[in-house]
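Just below is one structure, and these are the notes that go with it.
Have a look at this one:
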């Protein structure tokens, strides 16, 4: 658990750049989740992964204050939570606890990701400063069999705008499960070929995490972040879906559909066979009577 200082809970995030002495400082929490989850006996079965809703906006704002050195405006969150076209989506990891004050179950956010659909390659190409998606992919040393199925530039990407896990629940595979759900969302879209994100150059924990989840450093955006008047570089990490990934996911889900159809069709087919048999038997009896 994070340590107390002057009766105040303190947390640590590598997204914050080090001070002039090269030291990262802890800072006060904004989220109420820490106190609600204090001294619980962790049980992974109590974690539920699902989209965030409007009632989660305030807690999402508080968590962003803890996790990131960027001052996100209220409009930033409003457009993500209230936009109806499907341009944005979110994934939250909720821990189910018993609220002692109300004696009712309560879902507490312990991790989340906010994502944006990038439709077509124009925006993507602008970010990378290349003319085409294929040129970008080839230039970051992906093997040809990875991108051989990509025949044009009119594809979709998922941009992970922000992703984080509560201080006490890091290194428990929660972040990876959130990322896997983002990957599945991309694989489920026939036009989506990958995911990308930005990370401040000094966030070694996040960089290690992205590499573990098969992201590759694609480029450096110089002076991308403006934090308290200082400029910091950002690394852009990219994960392209392989043909094998796309085919496996499609087969897995088509198998589920096939099983569902089989469950529906088999009883109908069985009833149909009984009807045919009865009709045949009736015809046979009628023939005997005629003879």
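In this note's numbering, the protein residues as written are 64 to 354. Ideal placement from N, C-alpha and C gives every residue a C-beta, glycine not left out.
In this structure residue 232 is in contact with residue 174, their Cβ atoms being roughly 7 Å apart against a cut-off of 8 Å. Of all C-beta pairs linking the region 282-290 to the region 105-117, fewer than three are shorter than 8 Å, placing the two stretches out of contact. Each residue's CA atom was taken as its position, placing residue 81 and residue 252 some 39 Å apart. In the structure shown, the three-state DSSP call for residue 302 is strand. Nearest C-alpha to residue 159 among 114, 276, 110 and 97: 110. The Cβ-Cβ distance between residue 153 and residue 177 falls below 7 Å. Cβ contact annotation for residue 237 (same chain, cutoff 8 Å, sequence separation greater than five): 110, 156, 173, 174 and 228, in chain order. Around the beta carbon of residue 164, fewer than 16 other beta carbons lie within 10 angstroms, which makes this residue exposed. When secondary structure is reduced to three states using DSSP, residue 94 falls in the coil class, being assigned neither helix nor strand. Each of 306, 142 and 255 was checked against the Cα of residue 218, and the nearest Cα belongs to 255. Taking 7 Å as the cut-off, the Cβ atoms of residue 244 and residue 112 count as close. For residue 170, the uninterrupted beta strand (DSSP E) segment begins and ends at 167-182. For residue 102, the secondary structure class from DSSP, reduced to helix, strand or coil, is coil. Less than 7 Å separates the beta-carbon of residue 298 from that of residue 283. Checking the DSSP bridge columns, you'll see residue 219 partnered with 182 and 255. Note: residue 293 is bridge-paired with 290 in the DSSP secondary-structure output.
Pairing residue 146 with residue 250, the inter-Cα distance amounts to about 23 Å.
Look at residue 342 here: in three-state DSSP terms it is helix.
In the structure shown, the three-state DSSP call for residue 78 is coil. The Cβ atoms of residue 129 and residue 95 lie no closer than 7 Å to each other. With distances taken between CA atoms, residue 234 lies nearest to 268 out of 225, 132, 268 and 220. Using a 10 angstroms sphere on the CB of residue 143, the tally of other CB atoms reaches 16 or more, which defines it as buried. Under the three-state reduction of DSSP output, residue 239 falls in the helix class. Across the set 117, 277 and 101, the C-alpha of 277 shows the shortest separation from the C-alpha of residue 258. The continuous alpha helix (DSSP H) containing residue 137 extends over residues 137-145. In this model, residue 293 and residue 78 are separated by some 14 Å (Cα to Cα). Taking the Cα of residue 263 as reference, the smallest distance to any Cα among 295, 141, 242 and 275 is reached at 295.
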